[in-house]
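One structure is given here, and the rest of the page talks about it.
In the working numbering, the protein residues as written are 1 to 414.
As C-alpha cells, this is what we get:
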C-alpha cells in the first residue's frame, strides 16, 4: 500500500459520524495469558466519548513511516495452512463480520499463544464495509460513484498499564480521596489491516502490518497467526546492512569506497522515488549489487556478493542468533535445565526499505574520540590526505563554523 491508500482508510476514523465501523470485538488478556473478558459490540451503540478513544487507537494502527512502522506483508503458500491460521482465519473473521464467537476465540487463542508481551493487553478488532468512491479522469474523488465495497478487519493490540496512585477530588462527596488504580488502555504496539487496500481495491493475498517498534516484528505472531512474509524490522535492516557492507568490502573498506556507496545509494533512492509516485521505495539484491559495482568495488569482492547477501539476510539465522545471545546472558542456575525454544519458520523478503539503509539527511563519521555529522548534500567538503605518514580527513573551515556555539573567525598561523 502507498501513502495515499493508507491515508484514505485512516481518514475514515476522523469523525464518529463518518467512520462507518459496523462492529467492535475485543479480548482483555492478563499477565498470566488468561482471557479476562471478551466482548462484541455494535460500534454505533457505544457512547460517543468511548468511540473517540477507539478511533484514536485505530488511527494509530495506521500511523508511522511506510517500510518502518507500516510494513506490507504477503501470505505464505504453505501445505500446513488450515482454517485456524493465516489467510483462512483472517478471511473467516472478515466473512463473519466478527459475529462468530468460535472464530473470534480461535483468533484470540492464537494471539495469546504467540504474542510476546509481559503484562496485560487488549486485543481489538473492527469490521467495516467501506464503499470505495470512484475517481474521475482529473483524479478527483467522486462521492456519488462507487467502484466496489472494501470489507476489512483492523486489529490493534494495546498494552494495559496500571494508572499511577494519587489523590483526587470526589465531586459527589466534596472530599479529597485516594484515587482508585485501574488498568488503562494505551495506544497500540502492534496491529494489522486485512486485506490490503492495494490500488484502492481489496487484495486478500496481502495485509498491512503495524509495529510501534522498529527492531522487532513479533516473529512467532507472524508464524502462527498471520503466516506471512515480510522484510526484516527497520533497525535490523540498518544494522545488518552495515555489517554486510563491511563483510563484503573487507580490506577494500576505504573511506572513499564507503562514501561512494553511500552517495550512490542516495542517488539510487532519489531516482526510484521520482518513478514511484508516492509509493514506498525498496532495494532488492540486484539493486544493491549495482550500487556496489558503480562504487568501484572489485570483481573479486562482487563474486562473493550473492552468497554473503543470502547469509546475512536470512531471518531464521538472525532469530537463532538472537536466541543464542539471549541464552548466554541469562543465568539459569546450577541445576536448571535449558528450555528448548522453537525457532520460527518465518520467511523474509530479501529487500529493504530504501530509507532504512540509505542516508537521507546526513552522514555520520565516527571514531572512539570523535563524531562528525555532514549534510548529505555537502559531502564534497570532506577530503582525505596523507600528512606526515598519517591518513587524515581534511575539512574546509567555513565562515559559519562554530565550536560549542562559539563562532570561529579564522585559524591561528603556526
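All C-beta atoms in this analysis are idealised placements derived from N, C-alpha and C, irrespective of residue type, glycine included.
- Annotation: residue 269 to residue 275 spans about 10 angstroms, alpha carbon to alpha carbon.
- The beta-bridge partner set that DSSP reports for residue 148 consists of 132.
- Per DSSP, the beta bridge partners of residue 198 are 201.
- At the C-beta level, residue 74 and residue 206 come within 9 angstroms of one another.
- Pairing residue 55 with residue 12, the inter-Cα distance amounts to about 9 angstroms.
- Looking at the DSSP output, residue 100 shares a beta bridge with no other residue.
- Separation of residue 384 and residue 370 (C-alpha to C-alpha, rounded to the nearest whole angstrom) is 16 angstroms.
- For residue 88, the enclosing alpha helix (DSSP H) starts and ends at 86-95.
- From the listed residues 165, 217, 387 and 152, the smallest Cα separation to residue 10 is found for 152.
- Residue 18 sits in coil when the DSSP states are folded into three classes, being neither helix nor strand.
- When only Cα atoms are considered, residue 365 and residue 381 end up about 13 angstroms apart.
- Short of 8 angstroms from the beta carbon of residue 110, and not among the five residues preceding or following it, lie these beta carbons of its own chain, in chain order: 84, 85, 89, 224 and 225.
- Just measuring C-alpha positions, the residue of 149, 124 and 113 sitting nearest residue 220 is 113.
- Put simply, the backbone Cα of residue 97 is about 8 angstroms away from that of residue 128.
- Comparing C-alpha distances from residue 236 to each of 92, 215 and 156 shows the shortest one belongs to 215.
- In the three-state reduction of the DSSP assignment, residue 38 falls in the strand class, which pools E and B.
- Residue 59 sits in a helix when the DSSP states are folded into three classes.
- Counting only runs of 3 or more residues that sit fully inside the stretch 198-260, the beta strand (DSSP E) segments are 201-203 and 206-211, in chain order.
- For residue 159, the beta-bridge partners assigned by DSSP are 121.
- Inter-residue distance for residue 182 and residue 168 is about 14 angstroms (C-alpha atoms, whole angstroms).
- Under the rule that a run must span 3 or more residues, the beta strand (DSSP E) segments found entirely inside the stretch 257-306 read 282-284.
- Across the set 249, 25 and 387, the C-alpha of 249 shows the shortest separation from the C-alpha of residue 302.
- DSSP places residue 184 in the uninterrupted beta strand (DSSP E) bounded by 183-185.
- In the DSSP assignment, residue 356 falls within the unbroken alpha helix (DSSP H) covering 354-357.
- Sequence-distant Cβ neighbours of residue 20 in its own chain, meaning closer than 7 angstroms and more than five residues away, are 12, 128 and 130.
- Taking the Cα of residue 397 as reference, the smallest distance to any Cα among 409, 3 and 38 is reached at 409.
- Under DSSP, the beta-bridge partners assigned to residue 28 are 37 and 122.
- At the C-beta level, residue 158 and residue 125 stay beyond 9 angstroms of one another.
- Looking at the DSSP output, residue 364 bridges to 373.
- Look at the beta carbons and you see the stretch 51-68 touching the stretch 183-201: at least three pairs across the two are nearer than 8 angstroms.
- Annotation: residue 162 to residue 288 spans about 47 angstroms, alpha carbon to alpha carbon.
- Taken through DSSP and simplified to helix, strand or coil, residue 168 comes out as strand.
- DSSP lists 42 and 127 as the beta-bridge partner residues of residue 23.
- Pairing residue 106 with residue 44, the inter-Cα distance amounts to about 26 angstroms.
- Boundaries of the beta strand (DSSP E) around residue 391: 390-395.
- Ranked by how close their Cα comes to the Cα of residue 354, the residues 34, 104, 173 and 264 have 264 in first place.
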